[in-house]
Amino acid sequence: MAGSSLFGSDSESDNELDDAIAGPSRSQGFAHSRTAAPPPRSCRGDRSSTVSPRAAPEGLFHFPQAIPIELQTLLVHNITITLPLTVKQNQLMYFAHLPSALDPLLHRLNADIPTYGLPTEVLEDLLDRPDHERDRQAIINLYRPGMGIAPHVDLPHRYSSVILGISLLGTTVMDFVSTCDSENKFELVLRPGDVYILSGKSRYAWTHGIQYRDSDWIEGEERKRGLRISVTLRRMKEGGHVVG
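In this text, residue positions in the sequence shown follow the numbering used here: the first is 7, and each later residue adds one.
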């Protein structure tokens, strides 16, 4: 992620927080979260996108609005007030000992994940148990409008086979591209409170990223991006805490 100015004006930050407090946008699952209609011709060539209705990668799970609005609001407060965020530092990484700001989220996930209907091997990786042999790692990213992250596969030698992400505040589109066929693509709309999980082929055989642009076409409408926070949780393999 680029390290450009994070919050902008005070009014911009206040508006984003007001949106979160008012409630997240309506969110759907895979079947209805995309639009097949192209943008108007006058809009083509700008920095917006059209979301395509292709099949999701195997092992990708999406749970719209899994995080209730009250918890979203608490998390945004905890992250923006109690953690060391600055204009230049818009990414925070934690290894093994996660910040207390994330405790409400971790408690909620540990209670809710067993109800998600996940495969056993995915569930076992995600659940937080005292005897779990692998430490958990967290990355918190803050995206200003127009920002994104390059397509990538999370390092297989450093992290385990399951990745969990939480989206807060803004709406965006995450792009998936098969590493075997660059024409095989999938776009996932992420709205406030959404949880997504990468496992299996979606974890290892597809890249995921967010394009650098100011808006996306979602359900037939251009959606301007706002401030967005993402929390990514992963298990570290042996030696995974060593950066470099």
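Glycine included, C-beta positions come from ideal geometry on N, C-alpha and C. Keep in mind the model is a prediction, meaning the values are calculated, not measured.
Coarse secondary structure for S188, derived from DSSP in three states:
Numbered from 1 along the sequence shown, position 182 holds the residue referred to as residue 188. Coil, per DSSP.
Three-state secondary structure assigned by DSSP to Y218
Residue mapping note: residue 218 aligns to position 212 of the sequence shown, counting from 1. In the structure shown, Y218 sits in coil (DSSP, three-state: anything other than H, G, I, E or B).
Unbroken alpha helix (DSSP H) run spanning E130, endpoints
Indexing the sequence shown from 1 puts residue 130 at position 124. Counting along the chain, the alpha helix (DSSP H) containing E130 begins and ends at 126 to 132.
Using only the alpha-carbon positions, how far apart do A144 and L108 sit?
Here residue 144 is taken as the residue at index 138 of the sequence shown, counted from 1. Here residue 108 is taken as the residue at index 102 of the sequence shown, counted from 1. Take the alpha-carbon of A144 and the one of L108: they are about 9 Å apart.
Integer Cβ distance of E64 from G206, believed to fall under 8 Å
Translated into positions along the sequence shown, residue 64 becomes position 58. Translated into positions along the sequence shown, residue 206 becomes position 200. Right, their Cβ atoms sit about 6 Å apart.
How is the beta strand (DSSP E) around V168 delimited, first residue to last?
As a working note, residue 168 is residue 162 in the sequence shown. Looking at the DSSP string, the run of the beta strand (DSSP E) that includes V168 is 165 to 174.
Do you know offhand how far V237's Cα is from D200's?
As a position in the sequence shown, residue 237 is number 231, starting the count at 1. As a position in the sequence shown, residue 200 is number 194, starting the count at 1. Spanning the two alpha carbons is a distance of roughly 11 Å.
Just to confirm, are I146 and D160 a CB contact at a threshold of 7 Å?
The residue given as residue 146 occupies position 140 in the sequence shown. The residue given as residue 160 occupies position 154 in the sequence shown. Against a cut-off of 7 Å, the Cβ pair of D160 and I146 comes out as no contact.
DSSP on N84, reduced to helix/strand/coil?
Residue numbering aside, residue 84 sits at position 78 when the sequence shown is read from its first letter. DSSP places N84 in helix when its eight states are reduced to three.
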